[in-house]
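Undergrad:
Protein chains in written order, with the working numbering: chain D, 1 to 79; chain G, 1001 to 1493; chain H, 2001 to 2099; chain L, 3001 to 3142; chain W, 4001 to 4126.
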C-alpha cells in the first residue's frame, strides 16, 4: 500500500509538471483531468470515499468540461 | 432575543440578496428602498448589540446548540460588534450615494445584480467579524473575494476585466495559503475553533515549532496579499481605480479593512503575543509598514489619474494601520483601530467626491482640475477636508490617528517610526495639496469664477456632507470613540 | 534569466518547506494530535445526536451545517457573478445584430 | 452532432445517470456521497444532453426560469430548515433538538433534517453547473 | 529512524507541498491566463491532499459507522468535510475566472498577460 502511495505521488508530481510544460492547452486540460482522477484514486486509498467521489465528479468532470468550453471559445495554443 | 440578533443580521442581508431577483419586473426604487430599510434594521440591531455587549459582556452563539469543539460558534464581543457597526454605517452612507450614481459605468440591466452582490458582500463581511472559527472564516473570505471581484468587473470595460483577473488570481493564492495555514494548525491541534486552536498552539509551541512557524508564514502572507500590505499591493491600484465610484469607496474603505481585521484576529487571538514576538513578526511588520508608507506615497505622486492616485494612497495608509499592529502594544492596537475608522471615513469621502466630479464633469485627470472648486464647491470642499485629514492637519480624524500612532511609537521606544510618520505626512501633502490649489485658486479658461452649488442629485450631496461632517466631528471629539476602541483592543486578548 | 531565478526561488521554497515538514507529526495513527476528543465524539455520538451513520454526512449537514450554507452561497454568488459578466442585455444584442 | 448512435445511447443512459445522482443524494447520510457529488452528477448528465442535442433543445428542457427558481429554491430550503431551529430551540440549524425525527439509523429515513439539507444542496449544485455551462458556451440574452 | 523511513512517513505531506509549489510556480510565471487558472486548480488539490493526509489513519476504515463491528478504527472525518466545502469553492472561483478569460479574449484579442500589458501601456502613452 505504501509503495502504491509513493508511486501515485510521483505520478501526480509528473502530471503537474506536464501540465505546466505543455504548450497545447487542450492537452494540458486532458492531463489535468488525469491528474484529478489519479488524485481521487489516492484519496480512495487514503480511506476518504466521500471526497474521492466528489472530486471525481466535480474536479475531473465539470471543471474539465468548463475548461474545454472556454478553450474552444478562445485560443488553443500557448505562446 | 438579543442573543439571536447576530444570526438575524446575517440572514437579513442574505434574504435581501435572495429576494432582489423577484423584484425584477417592479420599479427599481422599490428594491433600493427595501435595501435601505434592511440596512437600517441591521444598523439599529448592531447598536443594540453594542449596548448589550458593553453592559453585559461578550457572549457566544452556538449554531445548532453544539459545543464549540463540535460545531461552529459565533463570538460577539466589543471588537466584532464595533467594527460591524462601523461597516454598516459606512455602507449606509455609500449606499445612499450609490442610488444616485450606481450608473457610473454599470449598465441599467445590471443594477439588480449589483445590489445582490453588494448584500452578499455585507453578509460575508459581517460573518467574518462574528465567526469564531478558522475554517468558517475561510468560507466567508471566499464569498467576500468573489463578490468584491465581481463588483469590479460588473462595469464591463476593457481594463476592468484585466484588473479583476489579476485580483482574482492573487486573491485565490492568498486564500489557499490561508487554508494551508489552517491545515497546518489543524494538524497539531485537531480543532478549528479559534480559542481551542489558540490553546493547542500555546501547548504545542515547544513540541511542533515547525508547524506553527510555517502556519504563521502562510497565513500572514495569504492575508497580506488580500489586504494589499506593501510588497503585495500590485493589484490594488488597478482594481480600485477601475471600479464604479461607490464600489471603489466600499472596497477601499471597508473590504481591505476587513482583511486587516482578520489578520489582527489571527495574530493576537490565535498565536498570541508571545509567539509572534518570538518569531519577530512585529519587526517584519514595522519594516514593511515603513517602506509601504513611503513607497505608496511616492507612487501616488507619479499618477495623473485621480482614482489611481487614491488607490496608491490607500497602500500608504494601510502601512499606517500595519505599523500600529506591529507595535504589539495596547496603545499601538488602539491607534491602528482608530486609523481603520478614520481612513475608512476619509477614503470614502475622497472616492465619493471624486466620483461626483467624474459624474458631473467626466474628468479623471489631475491636471484638468483647474477651477473646479467653483463649479463643484460641495464636492471639492469635502475632498479638501478629507485630503487635509490624510495629510494630518489638526481638527480632523487624520491628525488624531497620527497623534495616537506617534504616542504609541514613543511608548514602544521606536523614535525612527515618528520620523517615518512625519516624512509620510509631507509626501501626502505633495500630492493632495496641488489638487486643492488647482481646484480653488487656479483659473479655468472656459468657466467663470462664480461659485454655485453643483447640480447633482441630492442623494449624492447629502452623504458627502455627512462624511465631511463626521471627519471633523470625530476629529474634534475623539474621546468616546477612543474609549470604545480601547475596550475592543482589550477584548482581543 | 528571470524564469531561472523564479525556478531557483521556488525550488528553495520547496526545500525549506520540506525541511519543516520532516519535523511535523509523522505517520498517521490514532495517536496523532489531530485525532483527539472531538474526533472520538464525532465517531461515537453521531448516531445518537444526528441519526446518520455516515459521519461525514452528519458533520457536513448538521454539526458544521453553517459552513455548507456558506458554500451554497459561494455557488449562488458565482452564478450571479458569471451572469453579470457574460449575459448580454436585449438592446445591445439587437444593435450588434444590425451591424 | 447528428450521429444516431450517440443520440440513442445518450437518451438511454441519461435517466440512469440521473437516477444514480438522486440515489447518491438521498443516501448521503448512510453511504459515501451526498449533495455535492450527486448534484454534480445530475449537472453533468444535463451537460451531456446539451453536448449531444444542442443548446437550444437543452434550454427548452431546462429553461432559464426553471434554473433561476432552482438556484434560489435550494438556498431558501436550506435557510428555512435552519429557521425552524431558531423558532423551536433558539439556535440556527438545529437538527434533532428542533424535533426532526431521528429515524432508524442506517435506513434512508433517518438523520432528521440531513437528507432534506442534502436535497437542497443537490438541487443547488445541479442547477448551478448546468446554468454555468450554458452561460459559458453561449451568451444568453436576458 | 533513517532518513528514508521519515521520508516515507511524510510522503503525502511532501507530495502536497511539491504540488503546491508547482501550482504557485504556474500561477506566478506563466503569462497565459488559462494556464494560471490551471495552476490555481493544482494548488487547490494540493491543499486538499494535505488535509486528507492529516485525516488518514493507517489501517483505518471510512467513517461510516458499522454497528456490528465495534472494534473498527475509523479515520478522522472532519478533514473530509472541510475539503468537500473547499472543492466547490475552488470550482466556483475557476468558473468565474474562466468567464473573465472569455471577456478578455473578446476585448483584447489575446489571452496572454504580457501582450495585454503591452497593449495597455500603449494605450496609456497615447
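Beta carbons are placed, not taken as given, at the ideal position from N, Cα and C, and that holds for glycine.
(1) Check for me: the alpha helix (DSSP H) holding residue 1266 (chain G) runs from which residue to which?
(2) Which ranges does the alpha helix (DSSP H) cover as unbroken runs of at least 4 residues, wholly within the stretch 4070-4116 of chain W, from first to last along the chain?
(3) For a test of the three-state rule: what should DSSP assign to residue 2091 (chain H), helix, strand or coil?
(4) Name the residues in the stretch 2065-2084 of chain H whose C-beta lies less than 7 Å from a C-beta of chain W; which are they?
(5) Measuring alpha carbon to alpha carbon, tell me which of G:1292, G:1352, G:1315, G:1337 ends up nearest residue 1478 (chain G).
(6) Taking only three categories from DSSP, how would you classify residue 3142 (chain L)?
(7) What do you reckon, are the CB atoms on residue 1393 (chain G) and residue 1354 (chain G) nearer than 8 Å?
(8) Quick one: residues in its chain with C-beta nearer than 6 Å to the C-beta of residue 4020 (chain W), no 5 flanking neighbours on either side, listed in chain order?
(9) Within 10 Å of its beta-carbon, does residue 1033 (chain G) have 16 or more other beta-carbons around it, so buried, or fewer, so exposed?
(10) Please confirm whether residue 3134 (chain L) has its beta-carbon closer than 8 Å to some beta-carbon of chain W.
(11) Expressed to the nearest angstrom, what Euclidean distance is found between the alpha-carbon atoms of residue 2047 (chain H) and residue 3082 (chain L)?
(12) Per DSSP, what kind of secondary structure is residue 1131 (chain G) in: helix, strand or coil?
(13) How would you write the range of the beta strand (DSSP E) that residue 58 (chain D) sits in, first residue to last?
(14) List the endpoints of the continuous beta strand (DSSP E) containing residue 1074 (chain G).
(15) Tell me the DSSP bridge mates of residue 2023 (chain H)?
(16) So within the stretch 1124-1209 of chain G, which uninterrupted alpha helix (DSSP H) runs reach at least 4 residues, ignoring any that extend past its ends?
(17) Using the Cα positions of residue 2094 (chain H) and residue 4104 (chain W), report the straight-line distance between them to the nearest angstrom.
(18) Return helix, strand or coil for residue 1062 (chain G), following the three-state DSSP convention.
(19) Please determine, among G:1391, G:1141, G:1360, the residue with the shortest C-alpha to C-alpha distance to residue 1127 (chain G).
(20) Three-state secondary structure (DSSP) at residue 2035 (chain H)?
(21) With C-beta atoms as the reference, is residue 1198 (chain G) less than 8 Å away from residue 1270 (chain G)?
(22) Kindly list the residues whose CB is nearer than 6 Å to the CB of residue 1438 (chain G), restricted to its own chain and excluding five residues on each side of it in sequence; keep chain order.
(23) Less than 8 Å between the CB atoms is what I'm expecting for residue 1548 (chain G) and residue 1184 (chain G), so what's the real figure, rounded?
(24) Of the residues G:1399, G:1431, G:1191, which one's Cα is nearest the Cα of residue 1310 (chain G)?
(25) Can you tell which of G:1077, G:1159, G:1135 has the C-alpha that lies nearest to the C-alpha of residue 2068 (chain H)?
(26) Out of G:1401, G:1318, G:1464, G:1414, state which residue places its alpha-carbon closest to the alpha-carbon of residue 1482 (chain G).
(27) With C-beta atoms as the reference, is residue 3133 (chain L) less than 8 Å away from residue 66 (chain D)?
(28) Can you tell me whether DSSP reads residue 1279 (chain G) as helix, strand or coil?
(29) From which residue to which residue does the alpha helix (DSSP H) around residue 1357 (chain G) run?
(30) Could you tell me whether the Cβ atoms of residue 1151 (chain G) and residue 2080 (chain H) are closer together than 8 Å?
(31) Quick one: which residues of the stretch 4054-4083 of chain W get their C-beta closer than 7 Å to a C-beta of chain L? List them in chain order.
(32) Tell me whether the beta-carbon of residue 1314 (chain G) lies closer than 8 Å to the beta-carbon of residue 1252 (chain G).
(33) How far does the alpha helix (DSSP H) with residue 1043 (chain G) in it reach, from first residue to last?
(34) Who are the neighbours of residue 3047 (chain L) on chain D, taking C-beta pairs under 7 Å?
(35) Going by C-alpha to C-alpha distance, which of G:1217, G:1421, G:1119 sits closest to residue 1289 (chain G)?
(36) Is there at least one Cβ from chain G nearer than 8 Å to residue 3075 (chain L)'s Cβ?
TA: Inspection of the coordinates gives the following:
(1) Walking along the second chain from the start, residue 1266 (chain G) turns up at place 266. Element bounds for residue 1266 (chain G): n/a, residue is neither H nor E.
(2) 4077-4108
(3) Translated into the one-based positions of the third chain, residue 2091 (chain H) becomes position 91. Low local confidence applies: a pLDDT of 48 at residue 2091 (chain H) is under 50, so the model's placement there is unreliable, and no value is given.
(4) From the stretch 2065-2084 of chain H, only 2067, 2068, 2071, 2074, 2075, 2078, 2081, 2082 have a Cβ closer than 7 Å to chain W.
(5) Against the second chain, residue 1478 (chain G) aligns to sequence position 478. Closest option to residue 1478 (chain G), Cα to Cα, is G:1337.
(6) As a first step, residue 3142 (chain L) is located in the fourth chain; it is residue number 142 there, counting from the start. Unreliable placement is indicated for residue 3142 (chain L), whose pLDDT of 47 sits below 50; the coordinate value is still reported in the next sentence. Three-state result, residue 3142 (chain L): coil.
(7) Along the second chain, one-based indexing puts residue 1393 (chain G) at 393. Along the second chain, one-based indexing puts residue 1354 (chain G) at 354. No, Cβ-Cβ distance for residue 1393 (chain G) and residue 1354 (chain G) is not below 8 Å.
(8) The residue given as residue 4020 (chain W) occupies position 20 in the fifth chain. Contacts found: 4043, 4046.
(9) Against the second chain, residue 1033 (chain G) aligns to sequence position 33. Exposed is the call here.
(10) Locating residue 3134 (chain L) in the fourth chain gives position 134, where the first residue counts as 1. Residue 3134 (chain L) does not count as touching chain W.
(11) What you label residue 2047 (chain H) is simply residue 47 of the third chain in a count that begins at 1. What you label residue 3082 (chain L) is simply residue 82 of the fourth chain in a count that begins at 1. Distance between residue 2047 (chain H) and residue 3082 (chain L), taken at the CA atoms: about 20 Å.
(12) Indexing the second chain from 1 puts residue 1131 (chain G) at position 131. Three-state DSSP puts residue 1131 (chain G) in a strand.
(13) Position 58 of the first chain holds residue 58 (chain D). No beta strand (DSSP E) contains residue 58 (chain D), which DSSP labels as neither H nor E.
(14) In the second chain, residue 1074 (chain G) corresponds to position 74, counting from 1. Following the DSSP letters along the chain, one finds residue 1074 (chain G) inside the beta strand (DSSP E) bounded by residues 1073-1076.
(15) Position 23 of the third chain, counted from the first residue, corresponds to residue 2023 (chain H). Note: residue 2023 (chain H) sits in no beta bridge, so no partner.
(16) 1134-1153, 1158-1189, 1194-1204
(17) Locating residue 2094 (chain H) in the third chain gives position 94, counting from the first residue. Locating residue 4104 (chain W) in the fifth chain gives position 104, counting from the first residue. Summary for residue 2094 (chain H): the model assigns pLDDT 45, below 50, so the residue's position carries little reliability; its value from the coordinates is reported in the next sentence. For residue 2094 (chain H) and residue 4104 (chain W), the distance between alpha carbons rounds to 22 Å.
(18) Along the second chain, one-based indexing puts residue 1062 (chain G) at 62. Looking at residue 1062 (chain G) - three-state DSSP - the assignment turns out to be strand.
(19) By one-based count along the second chain, residue 1127 (chain G) stands at place 127. Nearest option by C-alpha distance: G:1141.
(20) Here residue 2035 (chain H) refers to the residue found at position 35 when the third chain is read from its first residue. If DSSP states are grouped into helix, strand and coil, residue 2035 (chain H) belongs with coil.
(21) Taking the second chain and counting its residues from 1, one reaches residue 1198 (chain G) at position 198. Taking the second chain and counting its residues from 1, one reaches residue 1270 (chain G) at position 270. Taking 8 Å as the Cβ cut-off, residue 1198 (chain G) and residue 1270 (chain G) qualify as a contacting pair.
(22) Working through the second chain from its first residue, we reach residue 1438 (chain G) at position 438. Excluding sequence neighbours, residue 1438 (chain G) sits near 1369, 1370.
(23) As displayed, chain G neither begins before 1001 nor continues past 1493, which places residue 1548 (chain G) out of reach and without an answer.
(24) Taking the second chain and counting its residues from 1, one reaches residue 1310 (chain G) at position 310. By alpha-carbon distance to residue 1310 (chain G), the top candidate from G:1399, G:1431, G:1191 is G:1431.
(25) Looking up residue 2068 (chain H) in the third chain gives position 68. Residue G:1135 is the option with its Cα nearest to residue 2068 (chain H).
(26) Reading the second chain from its first residue, position 482 is the one you call residue 1482 (chain G). Here the closest residue by C-alpha is G:1401.
(27) If you number the fourth chain from 1, residue 3133 (chain L) lands on position 133. If you number the first chain from 1, residue 66 (chain D) lands on position 66. Contact: yes.
(28) Here residue 1279 (chain G) refers to the residue found at position 279 of the second chain. Residue 1279 (chain G) falls in the coil class under three-state DSSP.
(29) Taking the first residue of the second chain as position 1, residue 1357 (chain G) is located at position 357. Unbroken alpha helix (DSSP H) run through residue 1357 (chain G): 1330-1361.
(30) Translated into the one-based positions of the second chain, residue 1151 (chain G) becomes position 151. Translated into the one-based positions of the third chain, residue 2080 (chain H) becomes position 80. No; because the gap between Cβ atoms is not below 8 Å, this pair is not in contact.
(31) Going along the stretch 4054-4083 of chain W in chain order, one finds 4062, 4064 with a Cβ nearer than 7 Å to chain L.
(32) Sequence index remark: in the second chain, residue 1314 (chain G) carries index 314 (1-based). Sequence index remark: in the second chain, residue 1252 (chain G) carries index 252 (1-based). Yes; because the gap between Cβ atoms is below 8 Å, this pair is in contact.
(33) Position 43 of the second chain, counting from 1, holds the residue named residue 1043 (chain G). Start and end: 1028-1056.
(34) By 1-based counting over the fourth chain, the position of residue 3047 (chain L) is 47. For a Cβ distance threshold of 7 Å, residue set 65 of chain D lies close to residue 3047 (chain L), ordered along the chain.
(35) For this step, residue 1289 (chain G) is matched to residue 289 along the second chain. Scanning G:1217, G:1421, G:1119 for the CA closest to the CA of residue 1289 (chain G) turns up G:1421.
(36) As a first step, residue 3075 (chain L) is located in the fourth chain; it is residue number 75 there, counting from the start. Closer than 8 Å to some Cβ of chain G, the Cβ of residue 3075 (chain L) qualifies, so yes.
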